[in-house]
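Heads up: the structure comes next, in structure tokens.
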Amino acid sequence: MISRAERTRFGEWWWTIDKPLLAALGTLMVAGIVLSLAASPGVADRLNLDLFHFVNRQVMFLVPAVVLMFALSFLDLRGVRRTALIAFLIFYPLMIATLFIGPEIKGAHRWIQIGPLGLQPSEFVKPAFIVLASWLFAEGSRRGDVPGRLLSIALYGATIGILMLQPDFGQTVLISVVWGALFFLAGLSWVLMGGLAGLGIGGVFLAYEAFPHIRARLAKFTGSGAGSNENFQSERAFDSFVSGGWLGRGPGEGTVKRILPDAHTDFIFAVTGEEFGILFCLILLSLFAFVVLRGLWIAAQEDDPFTRFATSGLVMLFGLQSAINMAVNVQLMPAKGMTLPFISYGGSSLLSLALSMGMLLALTRRRPRSRITGGYSALPEGQYA
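Numbering (this note's numbering), first residue to last: 12 to 396.
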């Protein structure tokens with residue numbers, strides 16, 4: 012047992028880290044390996060790979076992801092901001108590079124090859140952008156001489172501009188919703204918020220007219236277009252929940268994973284429903300909800316604007332991505348190509364989530380407030396509790 016009197020770096024970390032949040036994230040990581048064992052062998056077999064090819068790679072990426080998440084959780088607030096800035100400066104140019112040297116996959120240029128590894132830079136830009144936007148909003152609200160809102164708008168425009176060129180409409184919508192929520196938290200009036208929402212709706216209609224693949228995807232989803240592989244996957248995914256019922260058919264007994272090309276990535280939630288049942292899916296959903304609600308509750312207790320905005324933004328990003336993936340699996344949304352955090356197979360996804368959740372754990376560590384306010388909040392820069 013670690014004593015509270017222990018003043019080592021690890022001792023200070025242990026007594027200040029939010030253990031329920033850490034436990035929930037650890038449980039999701041373990042669940043990801045278990046569900047990968049259930050969903051990926053069928054895909055590997057169809058591709059003439061070793062049955063545990065995707066499981067082994069999931070574990071291979073999970074190890075550095077865990078190390079990265081724990082290392083980042085030791086950071087102070089200044090360290091979180093610097094990490095976000097460094098990540099943005101590294102991965103934003105790579106995101107631009109995908110437009111010129113990235114391979115075309117399903118009509119989009121989102122990936123870049125670095126040696127033997129394929130990397131999706133936008134996955135790392137997302138959490139970095141949220142933290143930087145939070146920093147700008149916080150500085151704008153704290154200091155009248157800093158044009159935080161204008162700088163945040165410029166950063167937002169630069170980020171979604173590249174995403175739309177790739178094109179990646181799903182990530183654009185995700186970032187836009189979270190950024191708009193942060194703008195509202197930073198003090199945007201209801202009138203301006205309505206105007207911003209109107210611009211967002213106008214952007215959706217513009218994208219519908221400007222990008223044929225978006226128009227075709229929506230037509231197929233609503234049933235007014237020709238059938239497609241995406242429609243086939245969504246329909247079979249929905250059927251898997253009916254097949255599994257409340258308790259599931261049992262581990263290894265599912266059939267949907269044998270026919271879905273993306274059973275180990277976008278549609279792993281459907282495999283979970285068929286083999287482990289709807290009750291297990293609800294437990295999994297509860298874990299995602301707990302991370303989001305726990306983060307928002309901690310953010311609501313914070314006095315420091317940056318900590319409050321960044322914590323809220325990161326958990327909203329995490330929660331919305333989870334909700335979108337699960338909504339696609341139950342045919343509430345058209346296929347978006349968005350992974351289920353810590354559950355779906357994907358090296359870029361795992362490492363970017365480690366970046367995001369590592370910063371979240373650092374932000375949610377308990378820090379003493381002043382004696383006037385009592386309780387806990389942010390420490391002075393560079394200090395630990």
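Quick reminder that beta carbons are idealized off the backbone N, C-alpha and C, glycines included.
Nothing here was measured: the structure is a model prediction, and the numbers come from that model.
Could you work out which residue in Gln342, Trp24 and Gln131 is closest to Gln177 when comparing CA atoms only?
Gln131
Please go through the stretch 55-135 and give each complete beta strand (DSSP E) segment of 3 or more residues, from N-terminal end onward.
123-125 and 128-130
Where does Val339 land, buried or exposed, given buried means 16+ other C-beta within 10 angstroms?
buried
Please report the distance separating the alpha-carbon of Trp26 from that of Leu331.
30 Å
In angstroms with no decimal places, state the Cα-to-Cα distance between Val202 and Gly155.
22 Å
What alpha helix (DSSP H) runs, 4 residues minimum, are completely inside the stretch 288-330?
289-312
Burial state of Ile112 (16 or more Cβ within 10 Å)
Counting Cβ neighbours within 10 Å, Ile112 comes out exposed, since fewer than 16 surround it.
On the three-state DSSP scale, how would you describe Ala42?
helix
C-alpha distance - Arg247 paired with Ser254, whole-angstrom precision
10 Å
Which residue wins for smallest C-alpha separation from Val326, given the options Arg153, Val70, Ser145 and Asn59?
Ser145
Which term fits Gln394, buried or exposed, when burial requires 16 or more other beta carbons within 10 angstroms of its beta carbon?
Residue confidence is low: Gln394 scores 41 on pLDDT, short of 50, so the model does not pin down where it sits. Its coordinate-derived value is still stated next. Classification for Gln394: exposed.
Between the alpha carbons of Gly212 and Phe180, how many angstroms are there, rounded?
Checking the sequence shown, residue 212 turns out to be Ile, not Gly. Straight-line Cα distance between these residues: approximately 13 Å.
The alpha helix (DSSP H) enclosing Gln342, as first and last residue numbers:
No alpha helix (DSSP H) contains Gln342, which DSSP labels as neither H nor E.
Close beta carbons around Leu147, own chain, < 6 Å, minus the five adjacent residues each side:
Its chain contains Gly159, Leu162 and Ser163 as the residues whose beta carbon lies nearer than 6 Å to that of Leu147, once the 5 sequence neighbours on both sides are disregarded; these appear in chain order.
On the DSSP letters alone, give me the boundaries of the alpha helix (DSSP H) that Ala192 sits inside.
Phe180 to Leu196
Beta-carbon proximity of Ala281 to Val267, cut-off 8 Å
yes
Sort Glu264, Arg305 and Ala334 by Cα distance to Leu343 and report the nearest one.
Ala334
Assign Thr375 to one of three DSSP states: helix, strand, or coil.
coil
Could you give the C-beta distance for Met370 and Pro31, rounded to a whole number, given that I count them as a contact under 8 Å?
The pair is not a contact, with the Cβ atoms about 18 Å apart (cut-off 8 Å).
Check Pro272 in the structure and name its three-state DSSP category.
coil
Is Leu166 near Ala365, with beta carbons less than 8 Å apart?
no
Output the distance between the C-alpha atoms of Gly126 and Gly256, rounded to the nearest integer angstrom.
44 Å
When DSSP labels each residue in this structure, what does Lys482 get in the three-state scheme?
Given that the chain is displayed from residue 12 to residue 396, the structure contains no residue 482 and the question cannot be resolved.
What is the rounded straight-line gap between the Cα of Leu174 and the Cα of Ala373?
Each residue's Cα considered, the two are about 28 Å apart.
Which same chain residues end up closer than 7 Å to Ser245 when comparing Cβ atoms and leaving out the 5 residues on each side of it in sequence?
If we look at Ser245 and ignore the five residues flanking it on each side, its Cβ neighbours are Val339, Gln342 and Ala346.
Exposed or buried, which one is Asp61 when buried takes at least 16 other CB atoms within 10 Å?
exposed
As assigned by DSSP and simplified to three states, the class of Glu150
helix
What would DSSP say about Arg20, mapped onto helix, strand or coil?
Looking at Arg20 - three-state DSSP - the assignment turns out to be helix.
Where Phe346 sits in the DSSP three-state scheme:
The identity of residue 346 in the sequence shown is Ala, whereas the question assumes Phe. In the displayed model, Ala346 falls within coil according to three-state DSSP, outside both helix and strand.
Should Ala237 go down as buried or exposed, given a rule of 16 or more other Cβ atoms within 10 Å for buried?
Any reading at Ala237 is ruled out, since the residue's pLDDT is 49, under 50, leaving its predicted position unreliable.
Straight-line gap, Thr350 to Phe299 (C-alpha atoms, nearest Å):
So the two alpha carbons sit approximately 13 Å from each other.
If distances are taken between C-alpha atoms only, which option among Ser187, Ala197 and Gly198 comes closest to Leu210?
Ser187
With a CB to CB cut of under 6 Å and the five nearest residues on each side skipped, what residues in its chain are close to Leu362?
Ala76
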